[in-house]
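Here's the structure we're looking at; comments come further down.
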Amino acid sequence: MQAQAGTPPASVAGVEVVGSLDGLVAAVEQDASFWCDGLAPGGPVKTAQQQAVFTAGEIAALLAGRRGVAIVQLFNGWDRDKGQPVYTPFALPLLERALAAPGVGFVGSVAPGGAGLTAVLHADREPFASWAAHLASFGCQANVVAGSAYYKLLIGHLLGYKPANVLGYAESAEAVSRELQKQVEDDIRGLSRVKARLPWSADDPPPTTKPSKKPKAAAAGGKGGKGFAAGKAAVRSR
Numbered sequence: 661m662q663a664q665a666g667t668p669p670a671s672v673a674g675v676e677v678v679g680s681l682d683g684l685v686a687a688v689e690q691d692a693s694f695w696c697d698g699l700a701p702g703g704p705v706k707t708a709q710q711q712a713v714f715t716a717g718e719i720a721a722l723l724a725g726r727r728g729v730a731i732v733q734l735f736n737g738w739d740r741d742k743g744q745p746v747y748t749p750f751a752l753p754l755l756e757r758a759l760a761a762p763g764v765g766f767v768g769s770v771a772p773g774g775a776g777l778t779a780v781l782h783a784d785r786e787p788f789a790s791w792a793a794h795l796a797s798f799g800c801q802a803n804v805v806a807g808s809a810y811y812k813l814l815i816g817h818l819l820g821y822k823p824a825n826v827l828g829y830a831e832s833a834e835a836v837s838r839e840l841q842k843q844v845e846d847d848i849r850g851l852s853r854v855k856a857r858l859p860w861s862a863d864d865p866p867p868t869t870k871p872s873k874k875p876k877a878a879a880a881g882g883k884g885g886k887g888f889a890a891g892k893a894a895v896r897s898r
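Letter by letter, the sequence shown follows residues 661 to 898 in the numbering used here.
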């Protein structure tokens, strides 16, 4: 495990306790917005400590019913010297909790060429199950920036981030037309007839409405220019 976590520092000046797993879970249960909303345009940059436990916080938000879908990078084959993201603080124990939790499903998402593997965790109900399956269908990776505005919008909405934050993130790289936004909205509606409702609970009766026929991933990016992983892979910054 230590070998997978990356190169250790040459020396350690000191050690102090800055947080705990129980403290993180309690913070998420009290107010999960930091781990659910996405970054607001022009908002404050995450601190090093916030960044370190961000993946764990997103999993905790899913377990608390505040998110319907969360993604976790299990294997990063393009930047191994920085270690594997799943070994960031608290991520692994919370991933184990999620895999054993009632009402939580998962699907593996393999990057093109097998360069990466992401677990797409989801509430085991519609529309989240269909959303998760669609993310996996085009190899969505938690630590790779989407290569087009279309996929930035699509992934952000399927992960449940605030629409204004998703749009702001996509527009930070290129102009986003209303036509493209409508295409994403229509494609998401085509994935499932069930409207997303949060918070969810494993005790809630699952909707009886069946998922809609999924659009093909290759066709979905038609107006978005480049595809999901087009261009150089980069670490995702949300």
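Quick reminder that beta carbons are idealized off the backbone N, C-alpha and C, glycines included. Remember, it's a predicted structure, so these values are computed and weren't measured experimentally.
*Enumerate in chain order the residues of its own chain whose CB-to-CB distance from Arg-757 is below 7 Å, with the five nearest sequence positions on each side excluded.*
Taking the sequence shown and counting its residues from 1, the one referred to as residue 757 is at position 97. Leu-723, listed in sequence order.
_If you reduce the DSSP assignment to three classes, tell me which class Phe-798 lands in._
The sequence position of residue 798 within the sequence shown is 138, counting from 1. Coil.
*Closest by CA to Val-826, which one among Leu-699, Ala-673, Val-677, Ser-861?*
Within the sequence shown, residue 826 is the residue found at index 166, counting from 1. The option with the nearest alpha carbon to Val-826 is Leu-699.
_Inter-residue CB distance, Leu-819 and Ile-731 (contact presumed, cutoff 8 Å)_ = Counting from one through the sequence shown, the residue named residue 819 turns up at place 159. Counting from one through the sequence shown, the residue named residue 731 turns up at place 71. With a Cβ gap of about 7 Å, Leu-819 and Ile-731 count as contacting.
*Using three-state DSSP, classify Asn-736 as helix, strand or coil.*
Within the sequence shown, the letter at position 76 stands for residue 736. In the structure shown, Asn-736 sits in a strand (DSSP, three-state: E or B).
*Could you say if the stretch 674-694 and the stretch 708-717 meet the contact criterion of at least three C-beta pairs nearer than 8 Å?*
yes
_On the criterion of 16 or more Cβ atoms from any shown chain inside 10 Å, does Val-729 qualify as buried, or is it exposed?_
Taking the sequence shown and counting its residues from 1, the one referred to as residue 729 is at position 69. Buried, since its Cβ has 16 or more Cβ neighbours within 10 Å.
*Note the first and the last residue of the continuous beta strand (DSSP E) segment covering Gly-717.*
Position 57 of the sequence shown, counting from 1, holds the residue named residue 717. It is not in any beta strand (DSSP E) - Gly-717 instead sits in the alpha helix (DSSP H) that spans 714-723.
*Determine the burial state of Ala-899: buried for a count of at least 16 other Cβ atoms within 10 Å of its Cβ, exposed for fewer.*
Absent from the structure is residue 899, since the part of the chain shown begins at 661 and ends at 898.
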